[in-house]
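>
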Amino acid sequence: MRAVLISTYDLGHQPLGLASPAAYLERRGWQVRCFDTSAGTPDPQALAAADLVGFFLPMHTATRLAVPWIKRVKALNPRARLAAYGLYSQLNQEYLQELGVHWFAPPPLSKSADYPVPQRQGLKPLDQYAHLHVLGQQRTVGYTEGSHGCKHLCRHCPVVPVYQGQFRITPVEAVMADIRQQVAAGAQHITFGDPDFFNGPGHARRLVEALQAEFPQLTYDVTIKIEHLLRHRELLPVLRATGCSFITSAVESLDDAVLEKLAKGHTRADFLEAVALVRQEGLTLAPTFIAFTPWTTRSSYREFLETIRALDLIENVAPVQLALRLLITQGSRLLELPDIERVRGDFHPPSLLYRWQHEDPEMDSLAARLMKLVAQPGTRTEIFAKVWEQVFHEPLDLIPRSAIPYMDEPWYC
Ligand code: SF4
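Add 12 to the 1-based position in the sequence shown for the working numbering, that's all there is to it.
#1: Hey, would you say Thr300 sits closer than 9 Å to Gln333, going by beta carbons?
#2: Taking its Cβ as the centre, do 16 or more other Cβ atoms sit within 10 Å of Asp208, making it buried, or is it exposed?
#3: Could you check if Trp115 is buried or exposed, using at least 16 other CB atoms within 10 Å of its CB as the buried criterion?
#4: Within 8 Å, do at least three Cβ pairs link the region 70 to 88 to the region 319 to 333?
#5: I'd like to check one pair, Ala303 with Tyr313: are the Cβ atoms closer than 9 Å?
#6: Rounded to whole angstroms, how far is the Cβ of His168 from the Cβ of Ser311, which I believe are closer than 8 Å?
#7: Decide if Val153 is buried, meaning its Cβ has at least 16 other Cβ atoms within 10 Å, or exposed.
#8: Residue range of the alpha helix (DSSP H) that Asp48 falls in?
#9: Please confirm whether Val172 and Phe204 have their CB atoms less than 9 Å apart.
#10: If the criterion is Cβ atoms closer than 9 Å, does the pair Thr53 and Leu144 meet it?
#11: Just the C-alpha distance for Lys398 and Leu382, rounded to the nearest angstrom, thanks.
#12: With a cut-off of 8 Å, do at least 3 Cβ pairs link the region 20 to 35 to the region 62 to 79?
#13: Starting from Gly154, trace the beta strand (DSSP E) in both directions and tell me its first and last residue.
#14: In this structure, how does DSSP classify Arg321 when only helix, strand and coil are distinguished?
#15: Find the nearest neighbour of Pro128 within the set Tyr100, Val270, Pro183, judged by alpha-carbon distance.
#16: Indicate whether the contact test is met: 3 or more Cβ pairs, each with one atom in the region 388 to 407 and one in the region 366 to 375, closer than 8 Å.
#17: Less than 6 Å between C-beta atoms, sequence neighbours within five positions excluded: which residues of the same chain meet that for Ser363?
#18: In chain order, what residues of the same chain have a beta carbon less than 7 Å from the beta carbon of Pro361, not counting five sequence neighbours either side?
#19: Let me know the secondary structure DSSP gives Tyr385 once reduced to three states.
#20: Does the beta-carbon distance from Leu138 to Gln194 come in below 9 Å?
#21: With a cut-off of 8 Å on the beta carbons, I'd call Val44 and Ala60 a contact; round off their distance for me.
#22: On the three-state DSSP scale, how would you describe Ile326?
#23: Reducing DSSP to helix, strand and coil, say where Thr75 ends up.
#24: Please specify which runs of the alpha helix (DSSP H), each continuous and at least 4 residues long, are wholly inside the region 51 to 75, giving them in chain order.
#25: For Gln200 and Asp420, I'd like the C-alpha separation in whole angstroms.
#26: Are the CB atoms of Leu64 and Ala31 nearer to each other than 9 Å?
#27: Using alpha carbons as the reference points, say which of Leu410, Leu121, Pro80, Lys276 lies closest to Leu99.
#28: Indicate whether Ile181 and Trp81 have their beta-carbon atoms separated by less than 9 Å.
#29: Determine the contact status of Ala189 and Arg132, defining contact as a CB-CB distance below 9 Å.
#30: Enumerated in chain order, which unbroken segments of the beta strand (DSSP E) with a length of 3 residues or greater are wholly contained in the region 194 to 267?
#31: Pick helix, strand or coil for Arg91, following the three-state DSSP scheme.
#32: So, using beta-carbon positions, are Pro306 and Asp351 closer together than 9 Å?
#33: Mind checking Phe258: buried by the 16 CB within 10 Å criterion, or exposed?
#34: How many Å lie between Ile416 and Leu37 at the Cα?
#35: Sort out for me which residues DSSP pairs Arg473 with in a bridge.
#36: Closest by CA to Ala225, which one among Arg192, Ala275, Thr279?
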């Protein structure tokens, strides 16, 4: 039996979402070919001969990019069973079914003892994916996950409708086996893609200590929510001592009223405390934001830029974070809010989102202008200054700072 697995986009990582199911299927006797369309075109002969074609849909962009491929595969090989898996397959099941997808993998929540080492042979080499830039040098990046799902219920988060507040850890030895093979393939840095690395703080500690013991030169990055940075502050020195280059944290807003709407579990004051704490521990925070929500006002956006500047975080914030707009997916808990009901339109299948319009059309036009602006080339400081000028109508003189460690591919949905 022949299977083809396709990934269209995974934020510049070598897709674990191909390597992991490939290992499961091979163990069960399937012949598997994996294709990452961000790296090249799938072999039409392999597609035509496949009994099963699986699409890995971990994020919104990946799903939109997958739609034409699903149609192409359907036309090329009508007898193949089409499958979809990953977060956005669950969210968009109805639409994907209309396109001919027959089977949807449930979220992996069973306490399985079966953790084959992900099958990474046949994937594009790691050095052809996103790199970490640190002190003017590039590091080859591997990617793995120590857990999946999340125990929190943030209202805007696509993890929530799928995992409903549940998460599962992957045993340390299974994660280390995947790291080991990526180090052998040239990885100098590992991105842990867990939705929140501190959902299981004891597990996180065991994992980074094992990593440091076996690969003392290896660095890594993680994603941790503000609430967890404060609650598990005793673990920050452990991260520092084990090679953590930076911590991504989905701050989303600096406005307490908006944080409340999003049920983020932290306040503006918590964010300020976390910034100080992470700095004090000698770590680097990379905050992410949803700059434009139905509640963003001209003055709150100005205040957002002023705070980033005052906290000396300009180099810590990827430019795209200054322009991202709230995404409302199928099943989103945002749909519970009367405020959202007021501004949203119908679900729009081609974009896989509910469209919404700000009550002040100037905010939507500002968001669109800034999105173009942040896509231009330039350093983070240069782009921030351009955004500032657009918003305050006055130039901003900034002293260029040394860049923090950052990835080629910025983090978003
Ligand atoms: S935003 Fe982060 S912490 Fe909140 S539910 Fe999603 S993954 Fe969990």
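Where is the CB? At the ideal position from N, CA and C, for every residue including glycine. All figures in this text were calculated on a predicted structure; none of them were measured in a lab.
Quick answer:
#1: Position 288 of the sequence shown, counting from 1, holds the residue named residue 300. Position 321 of the sequence shown, counting from 1, holds the residue named residue 333. Yes, they are a contact pair.
#2: On the sequence shown, residue 208 is found 196 positions in, with the first residue counted as 1. Buried is the call here.
#3: Against the sequence shown, residue 115 aligns to sequence position 103. Its Cβ having fewer than 16 others within 10 Å, Trp115 is exposed.
#4: no
#5: Indexing the sequence shown from 1 puts residue 313 at position 301. Indexing the sequence shown from 1 puts residue 303 at position 291. Cβ atoms of Tyr313 and Ala303: closer than 9 Å.
#6: In the sequence shown, counting from the first residue as 1, residue 168 sits at position 156. In the sequence shown, counting from the first residue as 1, residue 311 sits at position 299. Going by Cβ atoms, the distance from His168 to Ser311 rounds to 22 Å, so no, they are not a contact pair.
#7: Numbered from 1 along the sequence shown, position 141 holds the residue referred to as residue 153. Buried, since its Cβ has 16 or more Cβ neighbours within 10 Å.
#8: The residue labelled residue 48 in the question sits at position 36 within the sequence shown. Premise fails: Asp48 lies in the beta strand (DSSP E), 43 to 48, not in any alpha helix (DSSP H).
#9: For the purposes of this step, residue 172 is taken as the residue at position 160 of the sequence shown. For the purposes of this step, residue 204 is taken as the residue at position 192 of the sequence shown. Taking 9 Å as the Cβ cut-off, Val172 and Phe204 do not qualify as a contacting pair.
#10: Working through the sequence shown from its first residue, we reach residue 53 at position 41. Working through the sequence shown from its first residue, we reach residue 144 at position 132. No, Cβ-Cβ distance for Thr53 and Leu144 is not below 9 Å.
#11: Here residue 398 refers to the residue found at position 386 when the sequence shown is read from its first residue. Here residue 382 refers to the residue found at position 370 when the sequence shown is read from its first residue. Approximately 9 Å between the Cα atoms of the pair.
#12: yes
#13: The count along the sequence shown starts at 1 and reaches residue 154 at position 142. From DSSP, the beta strand (DSSP E) with Gly154 extends over 149 to 156.
#14: Residue 321 sits at position 309 when you count from the first residue of the sequence shown. If DSSP states are grouped into helix, strand and coil, Arg321 belongs with the helices.
#15: As a first step, residue 128 is located in the sequence shown; it is residue number 116 there, counting from the start. If we check each option's Cα against that of Pro128, Pro183 comes out closest.
#16: no
#17: Reading the sequence shown from its first residue, position 351 is the one you call residue 363. So no residue of the chain qualifies.
#18: Start at 1 with the first residue of the sequence shown, and residue 361 comes out as number 349. If we look at Pro361 and ignore the five residues flanking it on each side, its Cβ neighbours are Tyr107.
#19: Along the sequence shown, read from residue 1 onward, the residue named residue 385 stands at position 373. One detail in the question is off: residue 385 reads as Leu in this sequence, not Tyr. Correct three-state label for Leu385: helix.
#20: On the sequence shown, position 126 is the one that residue 138 refers to. On the sequence shown, position 182 is the one that residue 194 refers to. Taking 9 Å as the Cβ cut-off, Leu138 and Gln194 qualify as a contacting pair.
#21: Stepping through the sequence shown from its first residue, residue 44 is reached at position 32. Stepping through the sequence shown from its first residue, residue 60 is reached at position 48. At roughly 16 Å, the Cβ-Cβ gap does not stay under 8 Å, so Val44 and Ala60 are not in contact.
#22: To locate residue 326, count along the sequence shown from 1; it is residue 314. In this structure, Ile326 counts as helix in the three-state DSSP scheme.
#23: Here residue 75 is taken as the residue at index 63 of the sequence shown, counted from 1. Residue state, collapsed to three classes: helix.
#24: 56 to 61
#25: Walking along the sequence shown from the start, residue 200 turns up at place 188. Walking along the sequence shown from the start, residue 420 turns up at place 408. Between Gln200 and Asp420, the C-alpha separation is close to 15 Å.
#26: Working through the sequence shown from its first residue, we reach residue 64 at position 52. Working through the sequence shown from its first residue, we reach residue 31 at position 19. No; because the gap between Cβ atoms is not below 9 Å, this pair is not in contact.
#27: Working through the sequence shown from its first residue, we reach residue 99 at position 87. Measuring from the Cα of Leu99, the nearest candidate turns out to be Leu121.
#28: Residue mapping note: residue 181 aligns to position 169 of the sequence shown, counting from 1. Residue mapping note: residue 81 aligns to position 69 of the sequence shown, counting from 1. Not closer than 9 Å, so no.
#29: On the sequence shown, position 177 is the one that residue 189 refers to. On the sequence shown, position 120 is the one that residue 132 refers to. No, these two residues do not count as a Cβ contact at 9 Å.
#30: 201 to 204, 231 to 235, 256 to 264
#31: Residue numbering aside, residue 91 sits at position 79 when the sequence shown is read from its first letter. In this structure, Arg91 counts as coil in the three-state DSSP scheme.
#32: Reading the sequence shown from its first residue, position 294 is the one you call residue 306. Reading the sequence shown from its first residue, position 339 is the one you call residue 351. Against a cut-off of 9 Å, the Cβ pair of Asp351 and Pro306 comes out as a contact.
#33: For the purposes of this step, residue 258 is taken as residue 246 along the sequence shown, with counting starting at 1. Phe258 is buried by the Cβ-count criterion.
#34: Position 404 of the sequence shown, counted from the first residue, corresponds to residue 416. Position 25 of the sequence shown, counted from the first residue, corresponds to residue 37. The straight-line gap from Cα to Cα measures roughly 40 Å.
#35: Only positions 13 to 425 of the chain appear in the structure, and residue 473 is not among them; the question remains open.
#36: What you label residue 225 is simply residue 213 of the sequence shown in a count that begins at 1. Minimum Cα distance to Ala225 is reached at Arg192.
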